[in-house]
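*Asks:* Here it is, the structure in full.
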Amino acid sequence: LTMNSGAITSIGVGNPNPGFINGKLVNTVASASLTTVYFPIGKVSAGVATWRPCELSVTNSDATSTTYTGELISSSAKDLGYTGAPQTVSNIRYWDIARTGSNSVNASVKFYYKSDNGSDDEVNDYTNLTLVKSSGSTWSDIGGTATGNTSGSITSGNFTSFSKFSLGNKAGGRNVLPITLLSFSAH
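At the far end of the sequence shown sits residue 194, using our numbering, and the numbering has no gaps.
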């Protein structure tokens, strides 16, 4: 294992402020049994450390070695320009999870969200929170069961391909999923 300078960031001691991988993390699975792959990932952007780990649950069709690469991206999922299912996607971050392997897979993912270090995910209506993943130039709603407002986790439905993932707001939901004010005028 080789870690370059700046690869590990610590924002405190223990939960809720552990150390994390600041960049891509690669995990290898060589099993046909249900396996949980942990990604203790985060990002330091503009001097703000944000920890948003995820847990990937995979069942590969055989025990062929398969790699899973995960990274938290501190950029707007909305700015990717994808169209599709959710009313709103996160304007501040998304996860990129890739898979390299010749076998087929059935997977689900759990993402964590919270309000910390000035980097609030703005989840205030968790019953209308969902997860989306990119498919070409569109977002596909992969469902999700969230655990609470402000801080918590959301676990997706099953999927078989990998790409970019984001928090999404179902139609009628009140999750802000931070927006950027482009202009404002008063009369």
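No residue lacks a Cβ here, since even glycine has one placed at the ideal position from N, Cα and C. Note that the structure is a prediction, hence the values are computed from the model and not measured.
Using a Cβ-Cβ cutoff of less than 6 Å, which residues in the same chain neighbour ILE186 once the five nearest sequence positions on both sides are dropped?
*Replies:* Here ILE186 scores only 44 on pLDDT, less than 50, and its place in the model is too uncertain to base an answer on.
*Asks:* Which residues does DSSP list as the beta-bridge partners of LYS171?
*Replies:* DSSP, once it has assigned bridges, lists ASP103 as partnering LYS171.
*Asks:* Taking three-plus beta-carbon pairs below 8 Å as touching, is the region 64–78 in contact with the region 150–160?
*Replies:* No contact exists between the region 64–78 and the region 150–160.
*Asks:* With respect to the beta strand (DSSP E) encompassing GLY26, which residues constitute its N-terminal and C-terminal limits?
*Replies:* First-last of the beta strand (DSSP E) with GLY26: 26–29.
*Asks:* Which same chain residues, not among the five before or five after VAL183, have their C-beta less than 6 Å away from its C-beta?
*Replies:* Cβ neighbours of VAL183 beyond the five flanking positions: GLU129.
*Asks:* Distance, Cα to Cα, GLY5 vs GLY175?
*Replies:* Because residue 5 is not part of the residues shown, which for the chain are 8 to 194, the question remains open.
*Asks:* Under 8 Å Cβ to Cβ from ASN135, same chain only, skipping five residues before and after it: list those, please.
*Replies:* So the list reads ASN176, LYS177, GLY179, GLY180, ARG181 and ASN182, once near-sequence residues are dropped.
*Asks:* Closest to SER122 by C-alpha separation, out of THR57, LYS31, THR35 and ASN34, would be which residue?
*Replies:* The shortest Cα separation from SER122 among THR57, LYS31, THR35 and ASN34 belongs to THR57.
*Asks:* State yes or no: is the C-beta of THR167 within less than 8 Å of the C-beta of VAL112?
*Replies:* Cβ distance < 8 Å, so THR167 and VAL112 count as in contact.
*Asks:* What does a CB cutoff of less than 7 Å around GLY155 pick up in its chain, not counting 5 residues either side in sequence?
*Replies:* Contacts found: TYR133.
*Asks:* Once DSSP output is grouped into helix, strand and coil, what is the label at LEU87?
*Replies:* Residue state, collapsed to three classes: helix.
*Asks:* Determine which residues share a DSSP beta bridge with GLY77 and list them.
*Replies:* LEU32 and ILE104, per the DSSP bridge assignment.
*Asks:* Judging by CA-CA distance, which residue of THR90, SER40, SER68 and LYS31 is the nearest neighbour of CYS61?
*Replies:* If we check each option's Cα against that of CYS61, LYS31 comes out closest.
*Asks:* Just to check my reading of the structure: LYS171 and LEU87 have Cβ atoms closer than 8 Å, yes? What is that Cβ distance to the nearest angstrom?
*Replies:* That pair is a contact at about 7 Å.
*Asks:* Determine, using beta carbons only, whether ARG106 and THR73 come nearer to each other than 8 Å.
*Replies:* Yes, the Cβ-Cβ distance between ARG106 and THR73 is below 8 Å.
*Asks:* State yes or no: is the C-beta of ILE104 within less than 8 Å of the C-beta of LEU41?
*Replies:* Cβ atoms of ILE104 and LEU41: not closer than 8 Å.
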